[in-house]
Every structure is written in structure tokens, then in C-alpha cells.
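Protein sequences appear in the order of chains A and B. The opening residue of the first sequence carries number -7 in the numbering used here; numbering runs sequentially from there. The opening residue of the second sequence carries number -7 in the numbering used here; numbering runs sequentially from there.
2 protein chains.
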Amino acid sequence: MLKGTLDLLILRTIELQPRHGLAVSERIAQITRGTFVVKPGSLFPALHRLEQEGYIAGAWGESAQGRRAKVYDITPAGRKRLAAERKSWDRIVTAVGQVLDPT
Amino acid sequence: MLKGTLDLLILRTIELQPRHGLAVSERIAQITRGTFVVKPGSLFPALHRLEQEGYIAGAWGESAQGRRAKVYDITPAGRKRLAAERKSWDRIVTAVGQVLDPT
DNA sequence: GCATCTATATAGAACATCTATACAAAAGTC
DNA sequence: GACTTTTGTATAGATGTTCTATATAGATGC
């Protein structure tokens, strides 16, 4: 996975619907049809970092299977961060495109 | 800069026309209008790595200003690598798009 | 002769991601 | 009712790219 995109993917996934850790990675794998597979060792450090920085908030609850799970929701700061990351991503895609196919 | 895209940018820039180190970074900055600014400390390690791996070949020559400069050209292996990186990039852009704006 | 510009180079730090492993609790299984 | 499997969270250690900062060298200008 491209370093620097994971936060974007996590924030957007949680924004659409609060989820617990593994559910986030499941959704990313599913919707990208396996292009991005975020394993626990990458996922949880990222979640902890995002929580530490105040972009997401975790609370113990239940998973769809009825197991105990920490459910994360996005915070107002997280939405701002997500909007900024989106802009940044668009800019990067445009810039790379310009290098790959200069007009 | 997003980690992992530098190789792609360098390979494509050199493919279009062989250049020496600083000329590569100048062109990238120019064509992306300052979105990507590759400083020497990032550029040269990347060039050396790409050369070590056989994707580009450097030869001492002259810059446009008539200074001594190491001019890099892409190798057949480099073209293959570039094609692969392009595909990979397209796939990533598509996948991120799917997460950001699911249909 | 001394500063400045071009150009290459490297050391060291920072940081996100990956591999691998560990741990816990619930559910199934016989 | 022990035992395995499944679900879920967690962390340690390694890896590798990029960034900051600095060094070096040769030309050019004045």
C-alpha cells in the first residue's frame, strides 16, 4: 500500500458509518476488491494514532457478531482532516498525471 | 511527497528525455507547478537506487549550462518497471476513488 | 582572490507500514 | 465441560523511503 493513504481510507470509511477495527479493514478490502488489504499490524497502530490525534473517537461496544469491539467514530476535527486529505489526494493525482502524460 | 511515487516520476521524466539529476527535479517541479519539489537529499539517493537496480544508467556528460553532470537514461528494464508502476498507480487511484466515492 | 552558482553526494533522523506474534473472549464441537 | 476455532484487539521489531542538513567540487563573475 502507498504510504500516506491509509489515514484517508480509514477516515472516509468511518465517516460513512462508525465501525470497529477489523470491520474497517474488511470494508476497505471489499470495496477495493482486494487492491488494499490492511492487516491488523498496520490497522491498529493507525487507528491508535488517529485517536491520539483526535481525529477519531473509540468506544467499547459490540460488533455485528455480538462480540466486544472498539467502535470508532469520526470527530469534527476528523472531518476537517478528511476534507484536507481529499484535497491533497486530488492534487497529487493531478500532479502525477501531469508528469505521466504531459500535454 | 507520497512515499512510493518518486520512482515513477523519475523514470517517466528520464524516459521522455535523458537528463542529469537536478534537471530531473527541475522538470518535475515545473510540470507539476510546484506540487512536487524533490530536493537533492531525496533525489540522489533515489537515482542511485534506481541505477543500482538497473532501471536507469548514468554517464558523465554536460548540463545545459556546460557544467559536468551525470546524465541518466532509462534502460529496457527501466521501461518495463515504468510500465508496471504505471499500472500499479492506475490501480491505486481507482481503488482510492472507490473508497472515497463508493457507487 | 573571493563569492556565488551549479551540480553531485552522504549522513542521520523521522515515520508509516509490514511481518510476526501474543492475547482475550465467545462460540461451536464432541 | 475441556478443546478447537473464530473474532477481535494489541504490540514488538524490522524495513525502507523520504526529509533535513551539510559537505564537496568545479566554473564563472567581478
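Positions of the beta carbon are idealized from the N, C-alpha and C atoms, including for glycine.
Backbone CA spacing between Gly58 (chain A) and Pro10 (chain A) [nearest angstrom]: Gly58 (chain A) and Pro10 (chain A) have their C-alpha atoms roughly 16 Å apart.
CB contact below 8 Å: Lys(-5) (chain B) versus chain A: yes
Segment contact, 8 Å Cβ cut-off, at least three pairs: the stretch 60 to 79 of chain A with the stretch -5 to 2 of chain A: yes
Supposed contact pair Ile20 (chain A) and Ile48 (chain A) - C-beta distance, whole angstroms, cut 8 Å: No, Ile48 (chain A) and Ile20 (chain A) are not in contact; Cβ-Cβ is about 15 Å, not under 8 Å.
Residues near Gly70 (chain B) in its chain [Cβ-Cβ closer than 8 Å; skip 5 each side]: Leu3, Ile6, Glu7, Leu42, Gly46, Tyr47 and Ile48
Rounded straight-line distance, which links the Cα of Pro32 (chain B) to that of Gly13 (chain A): 39 Å
Where Pro25 (chain B) falls, given that 16 or more other Cβ within 10 Å makes a residue buried: According to the sequence as given, residue 25 (chain B) is Arg; it is not Pro. It is exposed - the Cβ of Arg25 (chain B) has fewer than 16 other Cβ atoms within 10 Å.
Continuous beta strand (DSSP E) stretch holding Arg4 (chain A): start and end: For Arg4 (chain A), there is no enclosing beta strand (DSSP E); the residue is part of the alpha helix (DSSP H) that begins and ends at Leu(-2) to Leu8.
Under 8 Å (Cβ pairs) to chain B, residues found in the stretch 79 to 95 of chain A: For the stretch 79 to 95 of chain A, the set of residues with a beta-carbon nearer than 8 Å to any beta-carbon of chain B comprises Trp81, Arg83, Ile84, Val85, Thr86, Ala87, Val88, Gln90, Val91, Leu92 and Pro94, in chain order.
Local Cβ density within 10 Å of Val29 (chain B), reported as buried at 16 or more and exposed below that: exposed
Three-state secondary structure (DSSP) of Val16 (chain B): helix
Nearest to Leu35 (chain B) (by Cα), restricted to the options B:Ala87, B:Ser17, B:Ala51 and B:Val88: If we check each option's Cα against that of Leu35 (chain B), B:Ser17 comes out closest.
Proximal chain B residues relative to Arg4 (chain A), where beta-carbon distance stays under 8 Å: Val91 and Leu92
Whole-angstrom distance between Gly(-4) (chain A) and Lys(-5) (chain B), CA atom to CA atom: 7 Å
Simplified DSSP state of Gly70 (chain B), which is helix, strand or coil: helix
Per-residue burial, Ala38 (chain A) [other beta carbons within 10 Å of its own, 16 or more giving buried]: buried
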